[in-house]
Amino acid sequence: MKFLFELLSKFSVSGDESDISNFILQHAIERSIGWKVRPEMFFGEDFHDCILLKFGVPRTAVFAHIDTVGFMTRYQNQLIPVGGPEIMDGIRLRGRDTKGEVFCRLIGTEDACYHDFPRGIEPGTRLSFDQNVRVDDEFIQAAYLDNRLGVYSALKLCETIENGWVVFTTYEEHGGGSIPFLIKFIQENAPVKQALISDITWISEGVEHHKGAVISARDKFIPRKKFIEKVVQLAEKSGVPYQIEVEAYGGSDGREIQFSPYAIDWCFIGAAEDFVHTPNEKVSLSDLDSMIRMYQFLLSEL
Numbered sequence: 036m037k038f039l040f041e042l043l044s045k046f047s048v049s050g051d052e053s054d055i056s057n058f059i060l061q062h063a064i065e066r067s068i069g070w071k072v073r074p075e076m077f078f079g080e081d082f083h084d085c086i087l088l089k090f091g092v093p094r095t096a097v098f099a100h101i102d103t104v105g106f107m108t109r110y111q112n113q114l115i116p117v118g119g120p121e122i123m124d125g126i127r128l129r130g131r132d133t134k135g136e137v138f139c140r141l142i143g144t145e146d147a148c149y150h151d152f153p154r155g156i157e158p159g160t161r162l163s164f165d166q167n168v169r170v171d172d173e174f175i176q177a178a179y180l181d182n183r184l185g186v187y188s189a190l191k192l193c194e195t196i197e198n199g200w201v202v203f204t205t206y207e208e209h210g211g212g213s214i215p216f217l218i219k220f221i222q223e224n225a226p227v228k229q230a231l232i233s234d235i236t237w238i239s240e241g242v243e244h245h246k247g248a249v250i251s252a253r254d255k256f257i258p259r260k261k262f263i264e265k266v267v268q269l270a271e272k273s274g275v276p277y278q279i280e281v282e283a284y285g286g287s288d289g290r291e292i293q294f295s296p297y298a299i300d301w302c303f304i305g306a307a308e309d310f311v312h313t314p315n316e317k318v319s320l321s322d323l324d325s326m327i328r329m330y331q332f333l334l335s336e337l
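If you use this note's numbering, the sequence shown corresponds to residues 36 to 337, in order.
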């Protein structure tokens, strides 16, 4: 779990993903010598803070977003949400401007929220939840499990995958925007016809802790039924615990794949959490294990 704890400590509110991107890239460079297949890596200014890893001859691409929700400072101590964080009076926030580290509390409600830092914070500074990781025999609880666990699962997949793309994306929590140029690059260099979204969903009346990885039949957007059925059949074959999700709301990088000019099937697969977009996101460790094993099985079959 040491590496996961390091992932959880990195700052990456949407639009400011360079630290976590560098961390993931260094991990891939250092560890890939021991992976089953050493990938070709694409990164740098042409890709902003996104990273693409190409293994063998890809048939499937896996996408995991590396950004988190948070806040941006405005004027007169005002805070504006980035993405959809829960607004809770008194929660601790952290960040940094040119004058130094910032640790403060959020004051207010969804209608108007402020910080209580004793000096003015430079406008445009991003703040995120102060991190507090808690682990017991059954659960992990922390900020940013969405989508640090999706990133963690994708990096575990890198250890065994022989053919495929593993792609780390940006901006997802605040409207997306990186998928179009990433998909274009993939389709021009080693095209695929199917994609999996390594992300975290939510506990609901039909999705429970300890019941396995969640395969989403729909959120606000509807993937092609034929592909979902194929994924479910393989999940059944795998023997890995899973559950089916059907929601009317929510979204992921799958939305932009569906809206792209390319005929690429997609499916969201991930663990479910309580207390979404708060400092106390909570995920079953057994569900995280199911997610990791499901991706390793699916990428060997799809």
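Backbone N, C-alpha and C define an ideal beta-carbon position, used for all residues, glycine too.
How is K246 classed by DSSP in three states: helix, strand or coil?
-> coil
According to the Cβ coordinates, are V72 and A225 closer than 9 Å?
-> no
For E280, does the count of other Cβ atoms within 10 angstroms reach 16, so buried, or fall short, so exposed?
-> buried
Three-state class that DSSP yields for D322 in the structure shown | helix
Under three-state DSSP, which class holds K272?
-> helix
Quick one: residues in its chain with C-beta nearer than 8 Å to the C-beta of P74, no 5 flanking neighbours on either side, listed in chain order?
-> A63, S67, L88, K89, F90, C193 and V201
Considering only residues of the stretch 248–314, which uninterrupted alpha helix (DSSP H) runs meet the minimum length of 4 residues and lie entirely inside it, listed in chain order?
-> 260–273 and 288–293
Over what stretch of residues does the alpha helix (DSSP H) that includes K37 continue unbroken?
-> K37 to L43
Could you say which of G119, L190, R183 and Q293 lies nearest to Q61 if we only look at CA atoms?
-> L190
Answer yes or no: do Y284 and I250 have a C-beta to C-beta separation smaller than 9 Å?
-> no
Look at the alpha carbon of E243 and the alpha carbon of Y187, and state the distance between them as a whole number of angstroms.
-> 21 Å
Whose CA, out of E223, E240, F220 and T204, lies closest to the CA of L231?
-> T204
Hey, would you say the C-beta of V201 is under 8 Å away from at least one heavy atom of the ligand ATP?
-> Annotation note on the ligand ATP: not contained in the displayed structure, which lists no ligands.
Hey, is G274's beta-carbon within less than 9 Å of any beta-carbon in chain D?
-> The structure shown contains no chain D, having only a single protein chain.
How big is the Cα-Cα spacing for K246 and E336?
-> 23 Å
Three-state class that DSSP yields for V117 in the structure shown | strand
Have a look at F58, G305, M76 and D102 and flag the residue whose alpha-carbon is nearest the alpha-carbon of D51.
-> D102
Note down, one range per segment and in chain order, each beta strand (DSSP E) of at least 3 residues found wholly within the stretch 75–132.
-> 75–77, 86–90, 95–100, 105–108, 113–117 and 127–132
Rounded to a whole number of angstroms, what is the C-alpha to C-alpha distance between A177 and R169?
-> 6 Å
Once you ignore the five residues that flank F332 on each side, which residues in its own chain have a CB closer than 6 Å to its CB?
-> S273
The alpha helix (DSSP H) with A63 in it runs from where to where?
-> S53 to R66
What residues are listed by DSSP as bridge partners for T365?
-> One cannot answer for residue 365 here, as it falls past the ends of the chain, which runs 36 to 337.
Please determine if the stretch 154–166 and the stretch 110–125 are in contact, where contact requires at least 3 C-beta pairs separated by less than 8 Å.
-> yes
Between the Cα of F78 and the Cα atoms of D254, I221 and E291, which residue gives the shortest distance?
-> I221
Whole-Å CB distance - G305 paired with A248, under 8 Å assumed | 7 Å
Three-way DSSP call (helix, strand, coil) for I221 in this model = helix
Taking one C-beta from the stretch 309–321 and one from the stretch 120–128 each time, how about it: are there three or more such pairs within less than 8 Å?
-> yes
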